[in-house]
Amino acid sequence: MQEELLFAGFGGQGVMFVGQLLAYAAMDQGYEVTWIPSYGPEMRGGTAHCYVVISDKPIGSPVVRNPKVAIAFNKPSYEKYEGLVAEGGLIAYNASLIETQGERKDIDQIAVPATSLADELGNLKLANIVMLGALLTVRPVLTLDAIREALDAHIPSHRRNLLPLNLQALDKGAAVVADRLAT
Amino acid sequence: MQEELLFAGFGGQGVMFVGQLLAYAAMDQGYEVTWIPSYGPEMRGGTAHCYVVISDKPIGSPVVRNPKVAIAFNKPSYEKYEGLVAEGGLIAYNASLIETQGERKDIDQIAVPATSLADELGNLKLANIVMLGALLTVRPVLTLDAIREALDAHIPSHRRNLLPLNLQALDKGAAVVADRLAT
Amino acid sequence: MAKGTIYIDQERCKGCSLCLSACPQNVIVMDNEVLNAKGYHPAVLSDADDKCTGCAICAVVCPDACISVYRQVRAKANVVS
Amino acid sequence: MAKGTIYIDQERCKGCSLCLSACPQNVIVMDNEVLNAKGYHPAVLSDADDKCTGCAICAVVCPDACISVYRQVRAKANVVS
Amino acid sequence: MAKEMLKGNVAIAEAALRAGLEAYFGYPITPQTELLEHLSKRMIELDRVFLQAESEVAAVNMVYGAASAGVRVMSSSSSPGVSLMQEGLSYIAGSEVPTVLVDIMRGGPGLGNILPSQGDYFQVTRSAGHGDYRPIVLAPASVQEAIDFTVMAFDLAEKYRHIVIVAADGQIGQMMEPAELPPMREVRKERPDWALTGAEGRDPNVITSIYLKGEEMEAFNLKIQEKLSEIRRSEPRWYEFQTEDLDMLVVGFGTAGRIAYTAVEMARERGMKVGLLRPQTLWPFPEERLSQLADEIESVLVVEMNAGQMLEDVRLAVGGQIPVGFYGRMGGVVPMPDEILEAIEGHYNRLTVRTVRT
Amino acid sequence: MAKEMLKGNVAIAEAALRAGLEAYFGYPITPQTELLEHLSKRMIELDRVFLQAESEVAAVNMVYGAASAGVRVMSSSSSPGVSLMQEGLSYIAGSEVPTVLVDIMRGGPGLGNILPSQGDYFQVTRSAGHGDYRPIVLAPASVQEAIDFTVMAFDLAEKYRHIVIVAADGQIGQMMEPAELPPMREVRKERPDWALTGAEGRDPNVITSIYLKGEEMEAFNLKIQEKLSEIRRSEPRWYEFQTEDLDMLVVGFGTAGRIAYTAVEMARERGMKVGLLRPQTLWPFPEERLSQLADEIESVLVVEMNAGQMLEDVRLAVGGQIPVGFYGRMGGVVPMPDEILEAIEGHYNRLTVRTVRT
Amino acid sequence: MSAINFAPPENMEVVYERPESLAETHTHYCPGCTHGVSHRLLAEAFDELGLREKAILVASVGCSVFSYKYFDVDSCEAAHGRAPAMATGLKRVNPDAAVVTYQGDGDLASIGIAEVIHAATRGENITVIFINNAIYGMTGGQMAPTSLPGQKTNSSPFGRNVEMTGYPMRVTELLSQLDGTAYAVRRSLHDAKNIRKAKKAVLTALQTQMAGLGFSIVEMLSSCPTNWGMTPEEALDWVESEMIPYYPLGDYKVADSVANLDGGKRR
Amino acid sequence: MSAINFAPPENMEVVYERPESLAETHTHYCPGCTHGVSHRLLAEAFDELGLREKAILVASVGCSVFSYKYFDVDSCEAAHGRAPAMATGLKRVNPDAAVVTYQGDGDLASIGIAEVIHAATRGENITVIFINNAIYGMTGGQMAPTSLPGQKTNSSPFGRNVEMTGYPMRVTELLSQLDGTAYAVRRSLHDAKNIRKAKKAVLTALQTQMAGLGFSIVEMLSSCPTNWGMTPEEALDWVESEMIPYYPLGDYKVADSVANLDGGKRR
Ligand SMILES: Cc1ncc(C[n+]2csc(CCOP(=O)(O)OP(=O)(O)O)c2C)c(N)n1
Ligand SMILES: Cc1ncc(C[n+]2csc(CCOP(=O)(O)OP(=O)(O)O)c2C)c(N)n1
Ligand code: SF4
Ligand code: SF4
Ligand code: SF4
Ligand code: SF4
Ligand code: SF4
Ligand code: SF4
Ligand SMILES: [Mg+2]
Ligand SMILES: [Mg+2]
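Protein chains in written order, with my numbering: chain A, 51 to 233; chain B, 51 to 233; chain C, 1082 to 1162; chain D, 1082 to 1162; chain E, 17 to 374; chain F, 17 to 374; chain G, 15 to 281; chain H, 15 to 281.
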């Protein structure tokens, strides 16, 4: 088993954190995992992305040209990475900010209104967790329980009060695609 | 033809200059020539030496382990270099400062009371030229005329007034060994 | 008081809002309708009552040199030299 | 005036003559008889008239720390503390 | 210790600290900065010495001072900063004080960029600065190796009284992986007998790199060369993968070697008899092992994130026996496994053709 | 021009001046200082720019500035000073501004001593500082070559917009020999079109070495590599002596090569079929010629005043075909002809034995 | 090259427009970062003194690393801290050019202090624009020699400890001690009034250079909202309330020759 | 280790003897060079304060390159100009040691100005002995940043031209501006009276360090008969007549804490 995920978006959208969260969860589940960031020249604004590779064997390359899964939080990222996803892979995108049907038909396209859903929870910053919940429901790279545990174990102490909200966001993301999958 | 000479003495005894003078003369006579200095750590005092190689072919090494000719202006130099002179070579030394008969019998030993002779000329600094006069008389690496011309051509302009005295010193050196050779 | 107006290059604006708080007439606001290519809501002049004096303070504080300032032409007073 | 004397380490001396010109009693001279291993004529005390006061000025100016200075022991005045 | 998810830079910093680092002097530079930042917090917490120097020139000379006092000391930087340290490193080598330097390499030449690169290979393996010596150079390819090699760096530095450079490309510095940190070691109390501490009750110690006389300087150089020979004999380290039943060998270090691992896996899946040799010590280079392997195979492909620097060491080791190919990316571009696979295929096919023809 | 008796350092300075040197920035260091001193007088006399910089770091960056203005500019130093210039040199290479540097090498590592050495070979030929490039390196073995190579350095620097280093050991800097200086050239009036002079009537020029994106930096690096390939094709220079009817070749540069010349003469007198190859460009190394010769001979002996640095280039060029021996002196010791002769004999005898056995 | 985006409305005259010497390129600076303000001032000064075609800008390593892109003048990028040395090389061979370095506090006061001190000592005819934002911006917020006592940065996480790292350096005061310095002043960019004063100082500095009077430096207290963790406005307030008390604004050296520029009517 | 060469003559007491901390080795200095004098003063100060076993000397590159041989204390040889950085490394890990750098004017004021300024800024608890002889001695007489206007040297053969190379640097004045500097004074070695004053300054500087009060520097005007082309006496006269007017002797900074050493009875 080897999963390769690319998370991309504006700086400030929590792209790096959600990738790390997944990585922590993978580690806690006993997998091999790598996380690697990439930044643009701007200190604020600009885009950022990270790769997460999860495997049950030692991981060679932590970067992959054609990841099996891409998660795009903003339009430029969607445009840049849709084409790179491996055949048969999937791209999940923040439908609140990205209007598209997608070009490629050989991959799964998952539209998640992550920002709107986060807004419903009263905190726009949770869009990343919503996305993760949705993603893992469609593609159970790890279980949602693994993420819950990881959140509990690795949330910085000064943000601990936000844990319940994060768990809610995860569920909300899971629910919205579960609904859709059911359709 | 290739001549290799080592001049050695205290800093301030004109060791470097007399080597350069010989080198200039050699160049003016159309020879290939190299001159190379070596200093000790002290700025003043301490010993210094230089090598002069004169040849009618391109010169490879400007330094030689066993020079054919060594000229020692002080005791430490004599002691250091007597042993290095090539078999059949010669060492000329300033007998005013060095009391010795020499150890080696397989080389010529030329004792020149250079400092005393220079003193007679009223300028201790001329000991180097006296030595050169003596040396070239015993071992005509170049003619004395060549040295006279070189002195004329290369003496720094602010020392030009010392030219006659230098020429006298050269002759004096030549005379003392000519006498002795005659003996 | 002389009438003035400004032009804000909204594409260049980074929405820092420094002009806004510097304007003595309080006639600049953030344009929450517009999102420029950089992803910022830019500043915009909101001067229905023609209060802008053309004092150029906004332009002077703008770090991105987005603002041009204009003022009504006044006849120059004759000054005895 | 207290009587003094000095000792000059002639092997260490570089013959710079600074002690000579610094000595207020003019009792140091260059020793032209001696040539030390370094090739210098060293300084030497020449104090036939016992003029050296032990003021140590020579020692203070000597760059090569060649000079030791001594002075006659005087009974210490009793000072009421 | 349990595994933690650690960023390379932070892992190196924490590993050094746990190895008993007593003093750190450094200057911020991307992509190394988190290393300095981590120590700015932890060293102070532990009441050890942390100082942000005014420059890399000052940093290396502060390290030189603290190393002369016989403590475990380290600096870290990235390529342009390492260039500025060359003179200081040469003095340190010439004084034989144990020193560890971490170089998180970035794209060059000049200011270049902050992306991962392996462009300092020559600068760190061929003697840093002037004179004849070679630092020991350790090249980790994972966060765990970064930790292990950092600890080892201190031990080697002290064993040989020499400079040890941990040379990792920016990717190793920036990535996170689960890894295990070593247990915390206390700062060593005693100082070596050559250390400068004030000459209390003993003859004064002197640390210097001057030898005015050629003969003395040469004797010292011969002593260094002697030490280097010993290191060359004892310390080469490498990792190999699929090196039995081989037609062709891929050689790469650090991130390039790690990505080549994936490419080699892919090549094996495609039935090519390809293996990997990943030098873990760049100097001493594992030349003996490579030349052994060279006897068995038809060809070597070197993969680097530079214009071909380790390539020279590979060519020297295989000594013209077999063709040596090269695939490199420069200026901060990290090669992808598929590119390396393609290079392997290209090389392998030519090879087959050639082998058949003979 | 007639021959004059000239000291190497002075000859280089005067040659640079006559080649149209417009600006010099340097810092005193033995055994290079006479070069700076000569220019401190002559440049001022001719109303050109001479400035003693506050350090070698400043000097190389002043040179970087003046070179960015498109003038003929130079600095000079010796080993520790050249170590301090590594970062600046890397920036210069990354900006492609023509620059000449003279390195009068001395004994190291560290402060070492002021005697002649060839210990900077790696530091100057393997890229100065970080990143992938190689300066052109010219190695004179006589005062006349020092003059000629200095003039050539400026022409090459401008032709390729690259760094040219004249690397001579201290002996070349300190010795006097008769040599002929070139005629005096005026300072060039026009500036190249890329030069920084103020953007009067044209678009602004920019000199920089930053390429933030990996792809752009790589493209720039490929451009440099392209240029380096061209240099590698066109510019290797060497001197050979007695290279017909050969059993064994001696390879040495600068003073070591010159002394080897005498040793080769002596060996020929003793009936050994020995010749000399003296590289005049250390980079590009005359590898092609050497590998040609390697086809004809039984063995090579490398002679250097270091621990064996050019040795690697020789080994790379002969590619393991034939054994490569080494004779080196370090730390400022200059080998004597008889030592080299002995090394030749030792090597030659073993060779004969070996040859017979086969 | 014209920066007019907009024809003036009827009956109106232009009071302020983007200067010509500023390139059209958008900058990469964070929103509200006053690097942009000092750029504009310098460009305005080039325009007003007619120096666009004589200027050579030496950018330095720091957030302003790309400033060479932002001016429509000849420019280059120096190694970290070495801008004054590079400027020296440029100026000595281009004596008629207006050579300006643009340097941050990490660049100038930390790694580059030797080069700026020696340029000032030599009375090098160059102008230094010195952006003091009490932090290393570009590398993500480490302590600078100008960081304030107690200031928390990413390399002084417990606040700058003056016992261990000393007190902040007052660079302009220091440089004003040197004989070669003709003009050395400190200004601030925290409000319009001070920005206008800073502009005048830039003009005087450039005039000092063009008249060959010696070394000139304008220090500008500047904000780094990103690494200070503040909004742009809070950051300007911090400049005013925290930095100015430690770094008093004023003229630290105005050589007589500079005071007499324009017949004594120095701006 | 005793330096007594000679038993005191009968009835006599020792007034002056070679200090213990000075090694027996003969120095390589030229005859009459005052490097020897400052060595002696430093050794005397070590003796008097009982610091021989706590001292670490950081020699620098210059004529004093071998000074590590001349003291009977732990010592090392720094790279050119970097002695204060090396001393910082040594002091931070040996906080109880007496760490002293010994630097020439080329070393400290030219190539090493950054390191000394930052050591002073940090208030690094080290002592700098700064030998200002207005020339590069060791390399054979080139211009130093402290060479006097018009002074002929081997790299200013027409005399130091202040138009091109600026005015001499007054280092002690400069360093006294920094908050971390506790003690900064200039003395001269041209006669016995001044040498005695210099000695007191060295004592105070070392006491400053041992009390942890911050950075201390003693500049000493010194002679270089060889490169000035003078006899030793002429050279001392030149120090007095030419150097002192340009480099006024005096106390440029004596922090209150230093003034209060020994209960206010500062030497
Ligand atoms: C030799 C070298 N060392 C370190 C760096 C990393 N570096 C880049 S910018 C910078 C600091 C910039 O701070 P400052 O000069 O204050 O500018 P700011 O970003 O605050 O405007 C550093 C340390 C480098 N590029 N080169
Ligand atoms: C990096 C480096 N640059 C240059 C030198 C050469 N150098 C040796 S001593 C010296 C100057 C010494 O002058 P100063 O510090 O004034 O000491 P002095 O000899 O006058 O006592 C120089 C430039 C060197 N050793 N290292
Ligand atoms: S010109 Fe003055 S009044 Fe008008 S918008 Fe700008 S700041 Fe406000
Ligand atoms: S100051 Fe400039 S950048 Fe900021 S909001 Fe106003 S117009 Fe936009
Ligand atoms: S102690 Fe005084 S009086 Fe005696 S010799 Fe010395 S200087 Fe002269
Ligand atoms: S001062 Fe010292 S070295 Fe000089 S002459 Fe007197 S004793 Fe000798
Ligand atoms: S990091 Fe700070 S200095 Fe840099 S651009 Fe952003 S706000 Fe400005
Ligand atoms: S050269 Fe000058 S400074 Fe050096 S030892 Fe001689 S007199 Fe003293
Ligand atoms: Mg800053
Ligand atoms: Mg000096």
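Virtual Cβ for every residue (Gly too), placed ideally from N, Cα, C.
Helix, strand or coil at residue i according to DSSP, with G and I counted as helix
i          : result
Gly264(H)  : strand
Thr297(E)  : strand
Thr374(E)  : Since pLDDT at Thr374(E) reaches only 35, below the 50 mark, its modelled position is unreliable, and no value is offered.
Trp242(H)  : helix
Tyr255(E)  : strand
Asp1139(C) : The sequence given here places Cys at residue 1139(C); Asp does not occur at that position. Cys1139(C): helix per DSSP, three-state reduction.
Ser84(E)   : helix
Val227(A)  : helix
Leu227(H)  : coil
Ser81(H)   : helix
Trp210(E)  : coil
Gln160(F)  : helix
Ala17(G)   : Confidence at Ala17(G) is low in this model, with a pLDDT of 38, below 50, so its placement is unreliable and the value that follows should be read with caution. DSSP places Ala17(G) in coil when its eight states are reduced to three.
Reference residue i; option with closest CA among the options
i          : options                                        : result
Asp1090(D) : Gln1106(D), Ala1118(D), Cys1136(D)             : Ala1118(D)
Ala393(F)  : Trp254(F), Gly344(F), Ile240(F)                : Within the shown structure, residues of chain F are numbered from 17 to 374, placing residue 393(F) beyond reach of any answer.
Ala158(H)  : Arg201(H), Arg66(H), Val185(H)                 : Val185(H)
Val79(H)   : Glu355(F), Asp329(F), Gly126(F)                : Gly126(F)
Ser1102(D) : Glu1092(D), Val1141(D), Gly1085(D), Thr1086(D) : Val1141(D)
Contact list for residue i against chain G, beta-carbon separation under 9 Å
i         : result
Glu187(H) : Gln191
Beta-ladder partner(s) of residue i, from DSSP
i         : result
Phe342(F) : Val318(F)
Lys19(F)  : Glu196(F)
Glu233(G) : Phe144(G), Arg200(G)
Thr167(H) : Ser170(H)
Under 9 Å from the C-beta of residue i: neighbouring residues of chain C
i        : result
Val75(G) : The contacting residues do not exist; Val75(G) stays about 21 Å from chain C at best.
Neighbour list for residue i in chain D, Cβ cutoff strictly below 7 Å
i        : result
His40(H) : Arg1093
*Within 9 Å of chain E by C-beta, residues of the region 131-152 of chain G in sequence order*: Tyr150, Met152
*Contacting positions in the region 240-258 of chain H - beta carbon closer than 9 Å to chain D*: Thr245, Pro246, Glu247, Leu250
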